[in-house]
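One structure is given here, and the rest of the page talks about it.
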Amino acid sequence: MNTTQIRELLQKRKLKATTTRINLLSKMSNYGSAMSHSSIQKKMSPVDRVTLYRTIEALKEKGVIHKAYQDNNEIYYAICDIDCTKGHRCHEHIHFKCTVCETIHCEEVENTIEISLPNYKINKVSINVEGLCETCNKQQY
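Residue numbering for the sequence shown follows my numbering, beginning at 284 and increasing consecutively.
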């Protein structure tokens, strides 16, 4: 995503295109997979923790990014599809973590996964899968 596309995305979500938001989304876009919170902090230095926290929360609230994965005490974030909005989230896909390179990718599946639990109301479905990514799998064989 280039700066113009980031500005358009923020405008569509009714968020101001602040320098911190633009820089964060640019870094996440260039990263190529979900980014851990600690990686975001390192790449966004010298932005203070409170500003970064508020930026991440605002972007999550407006459907610009989502929590893709949580491993131990580390949270990973990914940029949402352009069609995600506050009322219609598009995060019900598989989050794949490579056990070798530790990258996390959001993967779409062709078959929808439907879960029904009698007497329960399901608000969110999250599926995390671990294994070897395509690159690491090729290197092993």
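Glycine included, each C-beta is placed from N, C-alpha and C at the ideal position.
Helix, strand or coil, according to DSSP, for residue i in the structure here?
i    : result
C381 : strand
C389 : strand
Y403 : coil
E344 : helix
R296 : coil
M311 : helix
M327 : helix
V408 : coil
N420 : helix
T301 : coil
N306 : helix
I396 : coil
So, at 7 Å on beta carbons, what are the nonlocal neighbours of residue i in its own chain, with the 5 sequence-adjacent residues on each side left out?
i    : result
Y352 : A317, Y359, H378, K380, I387 and N411
V383 : L415 and C419
I405 : I398
In chain order, what residues of the same chain lie with their CB nearer than 6 Å to the CB of residue i, ignoring the 5 residues before and after it?
i    : result
K345 : R296 and L298
M311 : M318 and I362
N394 : none
When you compare only the Cα positions, how much space is there between residue i and residue j?
i    : j    : result
K421 : P401 : 43 Å
C416 : H320 : 21 Å
S328 : E390 : 30 Å
I323 : E413 : 22 Å
A300 : N356 : 30 Å
Per DSSP, which residues does residue i bridge with? Please list them.
i    : result
D354 : E357
H413 : The sequence shown places Glu at residue 413, rather than the His named in the question. Answer by DSSP bridge pairing, in chain order: K380.
I362 : I348
M318 : Y360
Can you give me the Cβ contacts of residue i inside the same chain, cut-off strictly under 8 Å, excluding the 5 residues immediately before and after it?
i    : result
L292 : M284, L308, V347 and I365
D354 : K380
Is there contact here, the segment 304-312 with the segment 336-343, by at least three beta-carbon pairs under 8 Å?
-> yes
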